[in-house]
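Participant: The sequence shown begins at 2 in the working numbering and counts up one residue at a time.
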Amino acid sequence: MKKLKFAVLGCGFWSKFQIGAWTEVEGAELVAVYNRTRSKAEKIAGYFKVPGVYENAEELFKKEKPDFVDIITDVDTHALFVDMALKNGMKKIICQKPMAPDFVTANKMVKMCSEAGARLYIHENYRWQAPVRRFKQIVDSGIIGKPFKARVSFLSGFPVFENQPFLKELDHFILTDMGSHVLDVIRYLFGECEELWCQTRAVNRGIKGEDMATVMLKMKNGMPVYSELSYASIVEHDSFSTLYILVEGENGSVYLGPKFEIRTTTRKGTESEIVKFPFYSWADPDYIVNHESGIHVNRNILEDMLGKARAENTAEDNLETVRLIWACYESAAEGKIIKIEEFI
């Protein structure tokens, strides 16, 4: 089997898990890594035995000539590196979520890749979490009948500001950070949104952006979906790194809850199953649901590159998630319902 050679730009915290996921996918070979701080690139290269190490991305493109590139840098640099990749002839580009720091920039990125005849993919992994995939299978099986409402929750008190102090300085926080995941999962499960209403609040002291958001969505199929996001919650079951989801249908309900348990309830009673995961040396067992999902999104993208399947995570598709994020901000700022087709 022919392997596509690829390079990684950015060797920060997430690179270990994203590269680790690539090691589980047949058909791709990492040949080089870049980081502006060379020591970080050397550390990652040493861990994964990568031959090429660079602190100059232009030099990497010219010397290595990879088949595709995976951008795992800060969101403010995504457009810059996508543009650099295009100017160096790249036709297959992967970019970490969120795609861009705002909707206008995301639109420009999609447009410039389209005009260059290049494929841009967004590494959005929550829809690929094994419990979420299994949850959708159960809902789509028809066992609970036609769904009529849903709730999607991310409630956490995880000390993100202690681990990553820079998050305190962001003007926009939980909707761009976790909203990217939550709203994308909502689209994956229930289709596109017709209109939404959002409220935000900063609960933790000393932060600029919002750490709580409540979003009410009306989907195009008429179904209401209530979504809650919080990094200020003190709850019995913290949902950090995953989501809790309840869907109610005419004949029953399905609930994805703590410890990756899925409970399906009909008039006959409740059935339960727990989604389990294999062990990977590069993954953190406490966050395996997140790290393992990277394998599946990477494989799906690679199969699209090889013409074997259609990728779910195209930039064109993810742009609709970005649209919802910034529609939420406008709704919260203006205190009104936003019709999505008018948000351009």
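Backbone N, C-alpha and C fix where the C-beta goes; we use that ideal spot for every residue, glycine too.
Helix, strand or coil: which one does DSSP assign to I345?
Facilitator: coil
Participant: Leaving out five residues on either side along the sequence, give the residues of the same chain with a beta carbon under 8 Å from the beta carbon of M91.
Facilitator: F62, P67, F69, V70, A119
Participant: Let me know if L197 comes out buried or exposed under the rule of 16 or more other beta-carbons within 10 Å of its beta-carbon.
Facilitator: buried
Participant: So, N252 versus I145, is the Cβ gap smaller than 8 Å?
Facilitator: For N252 and I145, yes; Cβs fall inside 8 Å.
Participant: Can you have a look at K41 and say buried or exposed, based on whether 16 or more other CB atoms are within 10 angstroms of its CB?
Facilitator: buried
Participant: Hey, how far is the Cα of E249 from the Cα of C12?
Facilitator: 42 Å
Participant: Roughly how many whole angstroms lie between the Cα atoms of Y256 and R300?
Facilitator: 28 Å
Participant: Under 8 Å between the Cβ atoms of A33 and E65?
Facilitator: yes
Participant: With DSSP as the reference, please indicate the residues paired to F7 in a beta bridge.
Facilitator: Answer is L31, F69.
Participant: Within this structure, are the beta carbons of F49 and T74 separated by less than 8 Å?
Facilitator: no
Participant: What three-state label does DSSP hand V153 in the structure shown?
Facilitator: strand
Participant: Using a Cβ-Cβ cutoff of less than 8 Å, which residues in the same chain neighbour D239 once the five nearest sequence positions on both sides are dropped?
Facilitator: L156, S157, G158, F159
Participant: Would a C-beta distance cut-off of 8 Å place S181 and I326 closer than the cut-off?
Facilitator: yes
Participant: Do you know offhand how far S16's Cα is from A151's?
Facilitator: Approximately 34 Å, taken between the alpha carbons.
Participant: With distance defined between alpha-carbon atoms, name the residue in I275, N108, K44, I208 nearest to I263.
Facilitator: I275
Participant: For A117, which three-state DSSP category applies?
Facilitator: coil
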